[in-house]
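S.K.: One structure follows; several queries about it will come next.
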Amino acid sequence: MPSREKKTEELKVYGLESIDTDKFDRQKRISGWDQNKISNATVMVIGVGATGNEVVKNLVLTGIGKLILIDYDFIDISNLNRCVLFNRQSAQNKDYKVDVVKNACEELNPDTEIVAIKKDLNDIDKSLYQKSDVICSCLDNVEARLQANNYAYFYGVPFVDSGIEEFFGSIQAVYSEEKDAACLQCSISNSDLDLMWKKFSCTGQEIQGVDGETIAKIATIITTTSIIGGLQSQQVLKFILGIDYFKEHGNWNSYIGKPLIGKQLNYNGLLNTFRVVEKLKNPDCWTCSYDKRN
Ligand SMILES: [Zn+2]
Numbered sequence: 001m002p003s004r005e006k007k008t009e010e011l012k013v014y015g016l017e018s019i020d021t022d023k024f025d026r027q028k029r030i031s032g033w034d035q036n037k038i039s040n041a042t043v044m045v046i047g048v049g050a051t052g053n054e055v056v057k058n059l060v061l062t063g064i065g066k067l068i069l070i071d072y073d074f075i076d077i078s079n080l081n082r083c084v085l086f087n088r089q090s091a092q093n094k095d096y097k098v099d100v101v102k103n104a105c106e107e108l109n110p111d112t113e114i115v116a117i118k119k120d121l122n123d124i125d126k127s128l129y130q131k132s133d134v135i136c137s138c139l140d141n142v143e144a145r146l147q148a149n150n151y152a153y154f155y156g157v158p159f160v161d162s163g164i165e166e167f168f169g170s171i172q173a174v175y176s177e178e179k180d181a182a183c184l185q186c187s188i189s190n191s192d193l194d195l196m197w198k199k200f201s202c203t204g205q206e207i208q209g210v211d212g213e214t215i216a217k218i219a220t221i222i223t224t225t226s227i228i229g230g231l232q233s234q235q236v237l238k239f240i241l242g243i244d245y246f247k248e249h250g251n252w253n254s255y256i257g258k259p260l261i262g263k264q265l266n267y268n269g270l271l272n273t274f275r276v277v278e279k280l281k282n283p284d285c286w287t288c289s290y291d292k293r294n
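Each residue of the sequence shown is one higher than the one before, starting from 1 at the first, in my numbering.
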């Protein structure tokens, strides 16, 4: 049972007529839910691999108005163990991930508008950041997630990042209007930067490719990506449902709760635990401690 007590006058009452005919009936019954906010929201999802598949699936089914999907990669057979929106044919054809995800989403919910962009993050039109209500990174490299963090912070758009490996995963939210909260760049150390420049993965794991080139591949499984993708998409929904209240009152609506801003939620599948850690704001961080007025 939820710990929060509801006052009788705040309970929503729905008529019998919507029970089986409104596809969003059950979520509309959640206290603080506003389906109009969801239906009018635009979310950018950067990376539509394993975690991205889960995030996109969840957002489309909840009725998000518009998704901007960014990924220049195509589908391999080795993606099929953990990507619910891909299929064997698309892997054999080496179709672009964003195209296949767009087609699958149109089956799940034709009311969600999908914009599929087959570009490297460096090459996208930067105005897309401003056109988004929330930005999600489901990436496997540090360089791109920092770039997304920096643009999202600069434009004042909430940002939710995720990372996964084996039975472990984490998510973190960033929002520039919470001035004292850390961003992703805050906790980047010199050794992280060294790894970044060596083009390792976010985990530092390395394997040798057939041509001698270093290729990073992360060990993972769909149980981890679906847990992390679920938590990440829930953070997106919390921002969409709660941000107007925050802008008006300076705090977060108790029915929706505060997103994980400046905090990291770590999942450990070996110990069966979730732990939230406060990320320290770096006073020298050039992303969030830099004053735009100077
Ligand atoms: Zn920072």
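The beta carbon of each residue, even a glycine, is placed where N, CA and C say it ideally should be.
Looking at E178 and G262, is the spacing between their C-beta atoms short of 8 Å?
M.R.: yes
S.K.: Find out if the Cβ-Cβ distance for the pair G230, N87 is shorter than 8 Å.
M.R.: no
S.K.: Secondary structure at E177, three-state DSSP: helix, strand or coil?
M.R.: coil
S.K.: Pull up the DSSP beta-bridge partners for I117, would you.
M.R.: I70
S.K.: Whole angstroms is fine: what's the gap from C202's alpha carbon to Q27's?
M.R.: At C202 the pLDDT is 41, less than 50, meaning the model places this residue with poor confidence and gives no usable figure here.
S.K.: Counting only runs of 3+ residues fully inside the region 91-138, write out the beta strand (DSSP E) ranges in chain order.
M.R.: As far as the region 91-138 is concerned, its whole beta strand (DSSP E) runs of at least 3 residues are 113-117 and 134-137.
S.K.: CB-CB under 6 Å to R145, same chain, minus the five flanking residues each way: which ones, in chain order?
M.R.: S137, L139 and D161
S.K.: Among the residues of its own chain, which have a CB less than 8 Å from the CB of N81, if the five just before and after it don't count?
M.R.: I221 and I222
S.K.: DSSP state of F159, grouped into three classes?
M.R.: strand
S.K.: Tell me whether Q235, by its Cβ, gets closer than 7 Å to a heavy atom of ligand 1.
M.R.: No.
S.K.: Rounded to the nearest angstrom, what separates E278 and Q264 at their Cα positions?
M.R.: 6 Å
S.K.: Leaving out five residues before and five after I227 in sequence, what residues of the same chain have Cβ atoms less than 7 Å from its Cβ?
M.R.: G169 and Y267
S.K.: Compute the Euclidean distance between the alpha carbons of A219 and D71, then round it to the nearest angstrom.
M.R.: 20 Å
S.K.: Taking 8 Å as the threshold, find out whether the region 245-254 comes into contact with the region 97-111 through three or more Cβ pairs.
M.R.: no
S.K.: With a Cβ-Cβ cutoff of 8 Å, do V134 and I256 count as a contact?
M.R.: no
S.K.: Short of 7 Å in beta carbon distance, which residues of its chain neighbour Q326, apart from the five on each side in sequence? Order them along the chain.
M.R.: Residue 326 cannot be examined here, being either before or after the span of the chain that is shown, 1 to 294.
S.K.: A152 and K281 - do their beta-carbons sit closer together than 8 Å?
M.R.: no
S.K.: Skipping 5 residues on each side, what residues in its chain have a beta carbon closer than 7 Å to that of S18?
M.R.: D25
S.K.: When the distance is taken between beta carbons, is D73 closer than 8 Å to K97?
M.R.: yes
S.K.: Closer than 7 Å by C-beta to D76: which residues in its own chain qualify, once you throw out the five before and the five after it? Chain order, please.
M.R.: A91
S.K.: Which of helix, strand or coil does DSSP assign to I75?
M.R.: coil
S.K.: Kindly indicate which residue of C285, R275, D244 and G52 has the alpha-carbon position closest to the one of W33.
M.R.: D244
S.K.: Under 8 Å by Cβ, that's how I've got V55 and S233 pegged, so tell me the actual separation to the nearest angstrom.
M.R.: 5 Å
S.K.: Which residues mark the beginning and the end of the beta strand (DSSP E) in which E278 is found?
M.R.: T273 to E278
S.K.: Sorted by chain position, which residues of the same chain lie with C-beta nearer than 7 Å to T225's C-beta, five sequence neighbours on each side aside?
M.R.: A50, T51, E54, R82 and I164
S.K.: Hey, how far is the Cα of C285 from the Cα of N150?
M.R.: When rounded, the distance between both Cα atoms is 11 Å.
S.K.: Whose CB is closer than 5 Å to a heavy atom of ligand 1? List the residues in chain order.
M.R.: C183, Q185, C186, C285, T287 and C288
S.K.: Just to confirm before moving on: does the CB-CB distance between Q185 and C288 stay below 8 Å?
M.R.: yes
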